[in-house]
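When you line the sequence shown up against the UniProt record's numbering, it's residues 1 to 436, in that order.
Idealized CB from N, CA, C, for every residue including glycine.
Because the structure is a prediction, the values reported are computed rather than measured.
Only one structure is covered here, and it is reproduced in the block below.
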Amino acid sequence: MNPVIALVGRPNVGKSTLFNRLTRTRDALVADFAGLTRDRKYGNGALGDKTYTVIDTGGISGNEEGIEAAMAEQSLLAIDEADIVLFMVDGRSGLTAADEAIANHLRVNQKKTWLVVNKTDGLEEHSAAADFWQLGLGDPRPIAAAHGRNVTALIDEVLAPFPPREVNAAPPDLSNGIRIGVIGRPNVGKSTLVNRLLGEERVIVFDEAGTTRDAIEIPFERRGKPYVLVDTAGVRRRKNVKETTEKFSIIKTLEAIKDCHVAVMVLDARSGLVDQDLHLLDYVLSSGRALILAVNKWDGLEQEAKDKMRTEVKRRLGFADYAEMHFISALHGTAVGDLYPSITRAFDSANSHWSTNRLTTLLQDAVSEHQPPLVHGRRIKLRMAHQGGSNPPIIVVHGNQTGSLPEAYKRYLINTFRKVLKVRGTPMRFEFRSGD
Ligand code: GDP
Ligand code: GDP
1 MNPVIALVGR
11 PNVGKSTLFN
21 RLTRTRDALV
31 ADFAGLTRDR
41 KYGNGALGDK
51 TYTVIDTGGI
61 SGNEEGIEAA
71 MAEQSLLAID
81 EADIVLFMVD
91 GRSGLTAADE
101 AIANHLRVNQ
111 KKTWLVVNKT
121 DGLEEHSAAA
131 DFWQLGLGDP
141 RPIAAAHGRN
151 VTALIDEVLA
161 PFPPREVNAA
171 PPDLSNGIRI
181 GVIGRPNVGK
191 STLVNRLLGE
201 ERVIVFDEAG
211 TTRDAIEIPF
221 ERRGKPYVLV
231 DTAGVRRRKN
241 VKETTEKFSI
251 IKTLEAIKDC
261 HVAVMVLDAR
271 SGLVDQDLHL
281 LDYVLSSGRA
291 LILAVNKWDG
301 LEQEAKDKMR
311 TEVKRRLGFA
321 DYAEMHFISA
331 LHGTAVGDLY
341 PSITRAFDSA
351 NSHWSTNRLT
361 TLLQDAVSEH
371 QPPLVHGRRI
381 KLRMAHQGGS
391 NPPIIVVHGN
401 QTGSLPEAYK
411 RYLINTFRKV
421 LKVRGTPMRF
431 EFRSGD
């Protein structure tokens, strides 16, 4: 798992500036979960052979009365999810009462905390930092986020205890079968579904330990076939131990998405679609994972409510139309069994291999059915197609002037390939290369 760095501090100290600097790499995948957890923003970054995830907490109100509440609301959650806290203060405005209040919280927290003095550009570093010694959080580290001054050196040191990791993490391990990630916002019915999916199956021993941040892996067998459930709901744990509803962890959800082959995203037909669902879905889409949509709590709904949900889902989730959708009741088990064939189809689609011959023939058939347009009096030529990768499948199309291909034509090709190759449940990526 990536080390997770939380940026904490009062507003205007430069947290978003540092966030942007730390996530501005080619592999940055920035997910803005504004609706999901107030103001937390998540991004990935890389430095040398290390990768990391950064959480920008958006700022704690400087208002003395509000500070406890505000800390509790979002920054504490971010700190909970993090391995490292970068507590940022402003070297230009000097120490403030709000800084002290935040420091009091951080001092009792067990997390590794670095005190970072920002905006030291044009200042004498040591004197700018000196003011902050009294916070009792160790050596104040001067930086200038806006100019990148001392930032690399700081992050290098911050990441020193963590092992290197390849920037492109290996695909999830398949040795124990298809890995199914059950995801969704709180209360949509994930735990109920996980229990139902496991209900009649043989559960092989699994490790219940782990921090609140780790998704639990539950290997099981169904009809002689192995699977692993990547559970973000903490279902079994909640059953055994007296525990209040677990905090919803974004990091856990993001890790589960990364660690699964097929994500089953649970939606709640009773509450309808909310922005949080769309943010999460957006993240699944950008991850390239195969996806199944399970609209839950379908039991006992009036026809009118069902029609309304169907219309809403169609209208707002059009961008995920490659995903098979099921209307289920996790509580009663209705249609839950249908998820398995969908999961297998999505997995098989995501990992399909097609010969260059087959893809090129398909391309040529599609082109003769429907010619690409003329550009400056010359017809765009599409000659050859081959597979550039799988999970998700990447199709590389070679031709001339492909840079001028209209979006509508690309869509036509993508739809044709999808239909003929029977690709379901996984995104597909197309790359167009031009010989001129
Ligand atoms: P946040 O509210 O903590 O996220 O702070 P922002 O990142 O939005 O920054 C607040 C202001 O400080 C902006 O006007 C930034 O341009 C400025 N700022 C951020 N970093 C630096 C820095 O290193 N030096 C200077 N001089 N200004 C900075
Ligand atoms: P989680 O937070 O996503 O894991 O959600 P839970 O599985 O804890 O379910 C939240 C609530 O929704 C519980 O009260 C469940 O009993 C209820 N629930 C879950 N699935 C269904 C369903 O299919 N139908 C109905 N009516 N209620 C459900």
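Taken in chain order, the complete alpha helix (DSSP H) segments of 4 residues or longer contained in the region 306-392 are 339-350, 356-369. Nearest Cα to Phe-19 within the set Asn-2, Leu-339, Ile-55, Trp-354: Ile-55. DSSP places Thr-113 inside the beta strand (DSSP E), whose first and last residues are 112-118.
From the listed residues Asp-90, Met-325, Gly-43, Lys-50, the smallest Cα separation to Val-13 is found for Asp-90. When DSSP reads this structure, Ala-294 sits in a beta bridge with Val-266, His-326. When DSSP states are grouped into helix, strand and coil, Asn-415 belongs to the helix group.
Here DSSP, grouped into helix, strand and coil, assigns Ile-143 to coil. Per the DSSP secondary-structure output, Thr-51 pairs in a beta bridge with Ala-46. In terms of side-chain proximity, the C-beta atom of Ser-93 is found no nearer than 8 Å to any non-hydrogen atom of ligand 1. Here Val-151 carries a helix assignment [DSSP, helix/strand/coil]. Take the alpha-carbon of Met-428 and the one of Ile-292: they are about 15 Å apart.
Each of Asn-351, Gln-387, Gln-276 was checked against the Cα of Leu-362, and the nearest Cα belongs to Gln-387. Ser-75 places its beta carbon 9 Å or farther from that of Ala-145. Cα atoms of Lys-225 and Asp-231: separation of roughly 19 Å, rounded to the nearest angstrom.
For Glu-124, the three-state secondary structure derived from DSSP is coil. Checking the 8 Å criterion, the Cβ of Val-13 is within range of a heavy atom belonging to ligand 1. DSSP places Val-158 within a helical segment (H, G or I) once states are collapsed to three. Per the C-alpha coordinates, the member of Ser-355, Val-397, Asp-259 positioned closest to Arg-179 is Asp-259.
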